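S.K.: Can you keep this structure in mind? I'll have questions shortly.
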Amino acid sequence: MEKKMRFGIKSKIIIGYLIVIVCLFIAFIVLNSQISSLQKERNFIIDHDIEVHDLTNRIEKHLLDMETGQRGYIITGEASYLEPYNSAASSWEKDYNALYQLLNNNPNQQEKLEKIKGSIQDWIEAAGEPTIALKKENNTKELQQFFEKDPGRQYMDDIRSQFTSFRNVEKKSTETRAKELDEKNQKIKIGLYGLLLFVTLISLAIAIVLSNSIVNTIKEVTQTIKRITASKGELKGRIKVRSNDEIKDLGIATNALLENIEERNWLQTNIAHAVTMYQGIASVDKLAEKFLFTVSEMTGASFGAFYVREENDKGDLFVKQAAFADRKGDAGRESFLIGEGLIGQAALEKRTLVINDVPDTYQFIASGLGDVKPKSIFIVPVLFEDEVIAVIELASLHEFTVLEQELISQVIETFGLTINGVIRRMEIARLLKESQAMTEELQAQSEELQTQSEELQMQSEELRMINEQLEERTKDAEEKSFELEAAKEDLEEKAHQLELNSQYKSEFLANMSHELRTPLNSILILSEMLEENAAKTLSEDEEEYARIIHSSGKDLLALINDILDLSKVESGKLDVLLAEMNMSELPDQIERNFSHVAEQKKVQLKINKAQDVPDIIHTDEKRFQQIVKNLLSNAFKFTESGSVTVSIQRVADHRLTTAMRTVDTDCWLEIAVADTGIGIPKEKHQLIFEAFQQADGATVRKYGGTGLGLSICSEFAKLLGGWISLSSEVGKGSTFTLYLPSLSNGLVDYEKVNFAYEEVAVSVEEAVEEAEITEIDHPVQPVEPSLQDDENVFQDKRVLIVDDDQRNIFALKTALAKQGMTIMTAHNGIECLEMMKNSEPFDLILMDIMMPQMDGYEAMQKIRGELKLVDLPIIALTAKAMKNDREKCLEAGASDYISKPLDLNQLFSVMRVWLVN
61 MEKKMRFGIK
71 SKIIIGYLIV
81 IVCLFIAFIV
91 LNSQISSLQK
101 ERNFIIDHDI
111 EVHDLTNRIE
121 KHLLDMETGQ
131 RGYIITGEAS
141 YLEPYNSAAS
151 SWEKDYNALY
161 QLLNNNPNQQ
171 EKLEKIKGSI
181 QDWIEAAGEP
191 TIALKKENNT
201 KELQQFFEKD
211 PGRQYMDDIR
221 SQFTSFRNVE
231 KKSTETRAKE
241 LDEKNQKIKI
251 GLYGLLLFVT
261 LISLAIAIVL
271 SNSIVNTIKE
281 VTQTIKRITA
291 SKGELKGRIK
301 VRSNDEIKDL
311 GIATNALLEN
321 IEERNWLQTN
331 IAHAVTMYQG
341 IASVDKLAEK
351 FLFTVSEMTG
361 ASFGAFYVRE
371 ENDKGDLFVK
381 QAAFADRKGD
391 AGRESFLIGE
401 GLIGQAALEK
411 RTLVINDVPD
421 TYQFIASGLG
431 DVKPKSIFIV
441 PVLFEDEVIA
451 VIELASLHEF
461 TVLEQELISQ
471 VIETFGLTIN
481 GVIRRMEIAR
491 LLKESQAMTE
501 ELQAQSEELQ
511 TQSEELQMQS
521 EELRMINEQL
531 EERTKDAEEK
541 SFELEAAKED
551 LEEKAHQLEL
561 NSQYKSEFLA
571 NMSHELRTPL
581 NSILILSEML
591 EENAAKTLSE
601 DEEEYARIIH
611 SSGKDLLALI
621 NDILDLSKVE
631 SGKLDVLLAE
641 MNMSELPDQI
651 ERNFSHVAEQ
661 KKVQLKINKA
671 QDVPDIIHTD
681 EKRFQQIVKN
691 LLSNAFKFTE
701 SGSVTVSIQR
711 VADHRLTTAM
721 RTVDTDCWLE
731 IAVADTGIGI
741 PKEKHQLIFE
751 AFQQADGATV
761 RKYGGTGLGL
771 SICSEFAKLL
781 GGWISLSSEV
791 GKGSTFTLYL
801 PSLSNGLVDY
811 EKVNFAYEEV
821 AVSVEEAVEE
831 AEITEIDHPV
841 QPVEPSLQDD
851 ENVFQDKRVL
861 IVDDDQRNIF
871 ALKTALAKQG
881 MTIMTAHNGI
891 ECLEMMKNSE
901 PFDLILMDIM
911 MPQMDGYEAM
921 QKIRGELKLV
931 DLPIIALTAK
941 AMKNDREKCL
951 EAGASDYISK
961 PLDLNQLFSV
971 MRVWLVN
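With the sequence shown counted from 1, adding 60 to any position gets you our numbering.
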């Protein structure tokens, strides 16, 4: 069977990278081809169109020179005036031919050019040459008559008109080519994004396949090891790995280790059993029989003989004392001399013999059905004090394994002492019978034997203690395994509790947001209407009261948004969307957003951007802008006079710390916001970055704010892979510095990067309002209405307001009624459906989401499904402005989505779009 090809983890990763590189290479070739084509078209426009305009101007100049020279000569009579006339007369046809050749692909323009040529020639023949000839003849009378009619002027006007028409056509042609070039450029850009998306998807697919291939295999190995660990010492299980990589090597090595441990356990168990078997045996023949039986059972031997050394006149003789599977006493020879046969040779050389090629003449092993030839013979000498005192021969129907050979070898190591002890005891007994005179000698020998017996008992005790220690270690391992399992369950329970707490916190914040935004919606709408004072019924003080109410409501909305942002960051649910950001536009944006603030506070705004700052970086532009706006808002808030300076520069390589170099980034940026304000005490630098904290109570009373701004900025900076540092001195001002990497290769794991900075930025600020809270993101782009439609679009329109809060109903009904709309109201989804079934059709529905009995989601689904009103505009209004609320509303059937509190101008804009559409 053909061996399975090895496909290692390294090979998988390299092949994955090669596929991505090939995709990038193909994308590069396609993009380069498109850019080359675009360059050719651009060069054609530059070379061809500019040449056409240049030749046209030159022909027109030649005509002007001819006209000027003709008139100058006629007026003065000086021949020098004819030089430009003659030069132009000889040159204009050359330029004309060149221009005509350039327009060989445009017959219409060539036709116009031929008419221009005819007009020029007509002028020369009718006005140019005749007048010059009359002047040369000094025929003043005919010249005067000619200029009284002046037919040349009409020719010149026609030529100029023809040139203007010709030039306009060429200009339109140039604009058309430029537009086509722009369209092709746009297609190339879309194609580039498509290729990038394709390569990204390919890369993700390869990463998922490779990670699953590796992780799944490791999980299988881990599960097998856990099953073996939980089997309480049972080592029969083995790791099965299907992949042919390094994980398979790990599985094979682990299986080999398990097999080795299992073999060692088997070896130690059998050795202990063999040692305990010797006790209580007093004769060599009984010991030999017991030994052969035990060893044959352990090794699977089918035949055996036990020879013990005896001394006689011929020398040392090895005599058979016992046999296993003996057939009428013919299991081998009765005795061997040293060096005689394999038994004698093994005794002589003191080495073990293993014979697997058994000759045909060898003793057959008898069974009930016949005789069987053995496959392997194992002969081992038993030594005592480096002398052979016995030889054991075993035969088996299978070859003796290395483990079985090792077992017999280790048992034999102490077996010589046992045989010697038994022989000595037998000799003692024999001598006692022969002579009582040798009692003292026998007693001494008995004491020696007793000592040896004690040594054996001590060895046996040591083995027993070793076994007990092994059992205790096994029990300890089992107890630790149970403790680890209990700790794991405890950790899982705590993790589950933390997850529930986070879920309860998010739900609580969402519900509190809904409960706060619902009354706040009415406050903002009604205060804005009062502030406008359309009916002119309020005094200036009452208008100011309305402005204060509206401003306070917006401050409360900003606080709610900041708390929600802080909660999203802490729970890890704030999305970071990396994209390209144009740094070249940042100074203009800062100037636009804060120049009016600087003028109001009479503070100078300075913006410095270094030349080495890249035009494009990769980051989350929305979070970046929020950080910069927050820092600038703080700077202006706490600066009464002086200046606020924004410095944008690239962090030089020699300033990069070791931790910053570990981040995979194109470059590091340093954005510093310095002010000449009140400053912050050094002991407060760390405090103000915590939520709801400011420098001191006086700061809160004088400048206001919630103490959330810097905390949110710090968390946003960490999410973007950077941090904010602070340098400040009381009375002289503060400098907040944002360090940020360009994340072209993805987000940074901030916990793994040790940014060792000592001081953290501090400031007190009000939360900067986020435009995205009230941002309208239309799923469909309807046709823009005309100005006339804008004026009458609301008049007599039937609008249904569905809301369970009477304050919101009153505010919306009042505002919409002023626009000339007919308003109907319902307090929940059920009333809404009943009114739509029993009333005249509505032009638009304003649908609240959180309502009793039937919420807005279910009501919109029934309107689209049961009532089949697919085209009826439904604008969803909700105060629960949490993640994915917009998507849920649009999926339920909403045409558009606005979060509370509502901005009336925004609401009217969205309603106008859908009513006109």
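Even for Gly, the Cβ is constructed at its ideal location relative to N, Cα and C.
Because the structure is a prediction, the values reported are computed rather than measured.
1) Taking the beta strand (DSSP E) that Gly793 belongs to, which residues open and close that run?
2) Quick one: what does DSSP say Asp956 is sitting in, helix, strand or coil?
3) On a Cα-Cα basis, can you pick out the residue from Thr236, Ala695, Thr885 and Lys121 that is closest to Lys792?
4) If distances are taken between C-alpha atoms only, which option among Asp908, Ala875 and Asn642 comes closest to Gly889?
5) Against chain C, with Cβ distances strictly below 9 Å, would Ser703 count as a contact?
6) Between the alpha carbons of Ser785 and Glu951, how many angstroms are there, rounded?
7) Spatial neighbours of Ser71 within its chain, please: C-beta separation below 7 Å, excluding the five flanking residues on both sides.
8) Near Gly737, what residues of its chain come up, given a Cβ to Cβ distance below 6 Å and the 5 sequence neighbours on each side ignored?
9) Check whether the Cβ atoms of Phe351 and Phe475 sit closer than 9 Å, and answer yes or no.
10) Tell me the DSSP bridge mates of Tyr367?
11) Less than 9 Å between the beta carbons of Asp680 and Ala639, yes or no?
12) Here's the rule I'm using: 16 or more other beta-carbon atoms within 10 Å means buried, otherwise exposed. How should Leu256 be labelled?
13) Check whether the Cβ atoms of Val414 and Ile439 lie closer than 9 Å to each other.
14) Can you tell me which of Arg683, Arg652, Val657 and Asp648 puts its alpha carbon nearest to the alpha carbon of Lys669?
15) Whole angstroms are fine: how far does the CA of Lys195 sit from the CA of Tyr141?
16) Go to Arg710, then tell me how far its beta strand (DSSP E) extends in each direction, as first and last residue.
17) Within 10 Å of its beta-carbon, does Lys960 have 16 or more other beta-carbons around it, so buried, or fewer, so exposed?
18) According to DSSP, what are the bridge partners of Pro441?
19) Under 9 Å between the Cβ atoms of His610 and Leu646?
20) Jot down the residue ranges of each uninterrupted alpha helix (DSSP H) in the segment 64-150, minimum 4 residues, whole runs only, in chain order.
21) By the 10 Å Cβ neighbour count, where 16 or more other Cβ atoms means buried, how is Asp242 classified, buried or exposed?
22) State buried or exposed for Asn527, treating a residue as buried only when at least 16 other CB atoms are found within 10 Å of its CB.
23) To the nearest angstrom, report how far apart Ile935 and Tyr917 are at their CA atoms.
24) Is Leu78 buried or exposed, if buried means 16 or more other CB atoms sit within 10 Å of its CB?
25) In the DSSP assignment, what are the bridge partners of Ser456?
26) Output the distance between the C-alpha atoms of Met486 and Val442, rounded to the nearest integer angstrom.
27) Considering Glu349, what are the terminal residues of the alpha helix (DSSP H) in which it resides?
28) Start and end of the alpha helix (DSSP H) containing Ser179?
29) When the Cβ atoms of the segment 118-135 are set against those of the segment 182-194, are three or more pairs found closer than 8 Å?
30) Judging by CA-CA distance, which residue of Asp536, Lys778 and Gly702 is the nearest neighbour of Phe684?
31) How big is the Cα-Cα spacing for Arg858 and Glu591?
32) Judging by CA-CA distance, which residue of Met896, Met911, Pro912 and Gln913 is the nearest neighbour of Ile923?
33) Report all residues from its chain with a CB closer than 6 Å to the CB of Gly76; omit the five preceding and five following residues, and keep chain order.
34) Could you give the distance in angstroms between the alpha-carbon of Met971 and the alpha-carbon of Tyr957?
35) With a cut-off of 8 Å, do at least 3 Cβ pairs link the segment 164-176 to the segment 219-226?
36) Tell me whether Leu691 is buried or exposed, calling it buried when 16 or more other Cβ atoms sit within 10 Å of its Cβ.
M.R.: On the basis of the data shown:
1) From DSSP, the beta strand (DSSP E) with Gly793 extends over Gly793 to Pro801.
2) The answer is strand: DSSP assigns Asp956 an E or B state.
3) The closest CA to that of Lys792, considering only Thr236, Ala695, Thr885 and Lys121, is found on Ala695.
4) Out of Asp908, Ala875 and Asn642, Asp908 has the C-alpha closest to the C-alpha of Gly889.
5) Note that chain C does not occur in the displayed structure, where there is just one protein chain.
6) Rounded to whole angstroms, Ser785 to Glu951 spans 44 Å at the Cα level.
7) Excluding the 5 residues flanking it on each side, Ser71 has no same chain C-beta neighbour closer than 7 Å.
8) Answer for Gly737: Phe698, Thr699 and Gly793, listed in chain order.
9) Taking C-beta atoms as the reference points, Phe351 and Phe475 count as a pair closer than 9 Å.
10) DSSP output for Tyr367 lists Lys380 and Val451 as bridge partner(s).
11) Yes, these two residues count as a Cβ contact at 9 Å.
12) Around the Cβ of Leu256, a 10 Å sphere holds fewer than 16 other Cβ atoms; the residue is exposed.
13) Yes.
14) Out of Arg683, Arg652, Val657 and Asp648, Asp648 has the C-alpha closest to the C-alpha of Lys669.
15) Cα-Cα distance, rounded: 12 Å.
16) Element bounds for Arg710: Ser703 to Arg710.
17) That one is buried.
18) Bridge partners of Pro441: Val451.
19) No, Cβ-Cβ distance for His610 and Leu646 is not below 9 Å.
20) Scanning the segment 64-150 for uninterrupted alpha helix (DSSP H) segments of 4 residues or longer gives 69-104 and 110-136, listed from N- to C-terminal end.
21) Label assigned to Asp242: exposed.
22) Classification for Asn527: exposed.
23) If I take the Cα positions, the gap works out to 12 Å.
24) Exposed, since its Cβ has fewer than 16 Cβ neighbours within 10 Å.
25) Beta-bridge pairing by DSSP links Ser456 to Ser436.
26) About 18 Å.
27) Here the alpha helix (DSSP H) through Glu349 covers Val344 to Thr359.
28) Where Ser179 is concerned, the enclosing alpha helix (DSSP H) stretches over Pro167 to Trp183.
29) Touching, per the Cβ criterion.
30) Taking only the C-alpha atoms, the option nearest Phe684 is Lys778.
31) Approximately 27 Å, taken between the alpha carbons.
32) When each option's Cα is compared against that of Ile923, the closest is Met896.
33) So the qualifying residues of the chain are Ile266 and Leu270.
34) Cα-Cα distance, rounded: 11 Å.
35) Yes, the segment 164-176 touches the segment 219-226.
36) By the neighbour-count rule (16 or more Cβ atoms within 10 Å), Leu691 is buried.
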